[in-house]
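**Q**
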Amino acid sequence: MSNTIVLTIDSRQIGFKATAGLFYRYKEAFGTEYLEDVVKVHQFGKGAFVQQVEYRTLWVLAKTYDDSIPPIQTWLDSFAYGAFPVDDIYNQVMPILQANMKVDRKNP
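Counted the way the numbering used here counts, the sequence shown spans residues 1088 to 1195.
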């Protein structure tokens, strides 16, 4: 499976790329551990924190794909109102995230 996906969002092609650098880039950008935030998401269910983690994750994946992506708030503001359905986009990107975190038992 590829570690990239390109989606059309607000009539633009936006690429997302999952790498091991996700954890470092997320912490560098937001000051929190990615996996700790994901655990909190699973504890809290839906809500503002969940969407915040989804927005952050999508931005990190987009920034990994294209380093010219601006800071998160500028990037999100560049989309028309209602043109960035975060839950739908996150669900489409989830397969590359899951593949990136898959543990290969053959390689300890």
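Backbone N, C-alpha and C fix where the C-beta goes; we use that ideal spot for every residue, glycine too.
These numbers were taken from a predicted model, which means no experiment stands behind them.
Take Y1152 and list the residues in its own chain whose beta-carbon comes closer than 7 Å to its own, dropping the five residues that flank it on each side.
**A** Locating residue 1152 in the sequence shown gives position 65, counting from the first residue. T1091, G1102, F1103 and K1104.
**Q** Buried or exposed, going by whether 16 or more other CB atoms sit within 10 Å of the CB of Y1111?
**A** The residue given as residue 1111 occupies position 24 in the sequence shown. Per the 10 Å Cβ criterion, exposed.
**Q** May I ask you to report which of helix, strand or coil DSSP gives I1156?
**A** Translated into the one-based positions of the sequence shown, residue 1156 becomes position 69. I1156 falls in the coil class under three-state DSSP.
**Q** In chain order, what residues of the same chain have a beta carbon less than 6 Å from the beta carbon of F1166, not counting five sequence neighbours either side?
**A** Translated into positions along the sequence shown, residue 1166 becomes position 79. Result list for F1166: D1097, in chain order.
**Q** When you compare the CB positions of L1094 and I1176, do they come within less than 8 Å of one another, or not?
**A** Here residue 1094 refers to the residue found at position 7 when the sequence shown is read from its first residue. Here residue 1176 refers to the residue found at position 89 when the sequence shown is read from its first residue. Result yes, Cβ atoms of L1094 and I1176 sit closer than 8 Å.
**Q** Would you decide whether L1145 is buried or exposed? Buried here means 16 or more other CB atoms lie within 10 Å of its CB.
**A** In the sequence shown, counting from the first residue as 1, residue 1145 sits at position 58. Buried is the call here.
**Q** What number of angstroms, rounded off, separates the C-alpha of Q1185 from the C-alpha of T1106?
**A** For this step, residue 1185 is matched to residue 98 along the sequence shown. For this step, residue 1106 is matched to residue 19 along the sequence shown. Approximately 11 Å, taken between the alpha carbons.
**Q** Do you know whose CA, among F1131, Y1142 and G1132, lies nearest Q1160's CA?
**A** As a position in the sequence shown, residue 1160 is number 73, starting the count at 1. Considering only alpha carbons, the answer is Y1142.
**Q** If we call anything under 8 Å between Cβ atoms a contact, is V1126 one with V1140?
**A** Translated into the one-based positions of the sequence shown, residue 1126 becomes position 39. Translated into the one-based positions of the sequence shown, residue 1140 becomes position 53. Going by C-beta atoms, V1126 is not nearer than 8 Å to V1140.
**Q** Excluding the five sequence neighbours on either side, which residues of its own chain have a C-beta within less than 8 Å of the C-beta of L1122, listed in chain order?
**A** Position 35 of the sequence shown, counting from 1, holds the residue named residue 1122. F1110.
**Q** In whole angstroms, give me the CA-to-CA distance for K1131 and V1137.
**A** Looking up residue 1131 in the sequence shown gives position 44. Looking up residue 1137 in the sequence shown gives position 50. According to the sequence provided, residue 1131 is Phe. The question's Lys does not apply to it. F1131 and V1137: Cα-Cα distance of roughly 8 Å.
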